[in-house]
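In the numbering used here, the protein residues as written are 1 to 137.
So, in structure tokens, the structure goes:
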């Protein structure tokens, strides 16, 4: 049941990305281009995500446990380190160069294009490099 719920959550997430326009790299790049052809529409998508998460966590965490698991799996670390900041910076650079972040990239696989393939290959290489050089952490 847990796997089915994971697939359904992923499907809902991908559908929300598509409906919200987050799978269109041109729209995303125009959103990031605040001094050029700025497209502010994704602020509503981002604002909706923040509002939903803010309210959702407060409602869900009132429960003693999740519906399909024994315990909630919440992050416990609250510190900032070089790996986190560096990873966030690389994520931002990749998003700004390609117009895709990982969720929308996977949601866009049905309409595969050369820039999308390049972004996915770069992301997989990045994952591999991160795992290779962070052994022992």
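Every residue gets a Cβ at the ideal spot worked out from N, C-alpha and C, and that includes glycine.
**Request:** Give the straight-line distance between the Cα atoms of residue 81 and residue 119, rounded to the nearest whole angstrom.
**Result:** Indexing the chain shown from 1 puts residue 81 at position 81. Indexing the chain shown from 1 puts residue 119 at position 119. Each residue's alpha carbon lies about 26 Å from the other.
**Request:** Report the three-state DSSP secondary structure of residue 131 (helix, strand or coil).
**Result:** Counting from one through the chain shown, the residue named residue 131 turns up at place 131. Reduced to three states, the DSSP call for residue 131 is helix.
**Asked** Going by C-alpha distance, which of 33, 14 and 13 is nearest residue 98?
**Response** Walking along the chain shown from the start, residue 98 turns up at place 98. Comparing Cα positions, the closest option is 33.
**Item:** Whole-angstrom distance between residue 134 and residue 127, CA atom to CA atom
**Value:** Mapped onto the chain shown, residue 127 falls at position 127. Mapped onto the chain shown, residue 134 falls at position 134. Distance between the alpha carbons of residue 127 and residue 134: 10 Å.
**Request:** Could you check which residue in 14, 13 and 91 has the C-alpha nearest to that of residue 123?
**Result:** Working through the chain shown from its first residue, we reach residue 123 at position 123. Checked all of 14, 13 and 91; the closest Cα to residue 123 is 91.
**Message:** Check whether the segment 18-31 and the segment 107-115 touch, using three or more Cβ-Cβ pairs below 8 Å as the test.
**Reply:** yes
**Message:** Considering only their Cβ atoms, is the gap separating residue 103 from residue 13 smaller than 8 Å?
**Reply:** For the purposes of this step, residue 13 is taken as residue 13 along the chain shown, with counting starting at 1. For the purposes of this step, residue 103 is taken as residue 103 along the chain shown, with counting starting at 1. Yes. Within cutoff.
**Item:** Cβ-Cβ distance between residue 54 and residue 2 below 8 Å
**Value:** For the purposes of this step, residue 54 is identified with residue 54 of the chain shown, where counting begins at 1. For the purposes of this step, residue 2 is identified with residue 2 of the chain shown, where counting begins at 1. Not a contact, by the Cβ cut-off of 8 Å.
**Message:** Whole angstroms are fine: how far does the CA of residue 11 sit from the CA of residue 150?
**Reply:** Any answer about residue 150 is impossible in this case: the structure gives the chain only from 1 up to 137.
**Prompt:** To the nearest whole angstrom, what separates the beta carbons of residue 46 and residue 27, a pair I think is in contact under 8 Å?
**Reply:** In the chain shown, the residue the question calls residue 46 occupies position 46. In the chain shown, the residue the question calls residue 27 occupies position 27. Not a contact, Cβ separation roughly 12 Å.
**Prompt:** Around the Cβ of residue 100, are there at least 16 other Cβ atoms within 10 angstroms (buried) or fewer (exposed)?
**Reply:** For the purposes of this step, residue 100 is identified with residue 100 of the chain shown, where counting begins at 1. The residue is buried, with at least 16 neighbouring Cβ atoms inside 10 Å.
**Prompt:** Can you list, in chain order, the residues of its chain whose CB lies under 7 Å from that of residue 116, leaving out five sequence neighbours each side?
**Reply:** As a working note, residue 116 is residue 116 in the chain shown. Closer than 7 Å at the Cβ level, and outside the excluded window around residue 116, lie 100, 105 and 108.
**Prompt:** Taking just the CA atoms, how far does residue 94 sit from residue 132?
**Reply:** One-based indexing of the chain shown puts residue 132 at position 132. One-based indexing of the chain shown puts residue 94 at position 94. Taking the straight line joining both Cα atoms gives about 20 Å.
**Request:** Using a threshold of 8 Å, state whether the C-beta atoms of residue 72 and residue 61 are closer than that.
**Result:** As a position in the chain shown, residue 72 is number 72, starting the count at 1. As a position in the chain shown, residue 61 is number 61, starting the count at 1. Contact: yes.
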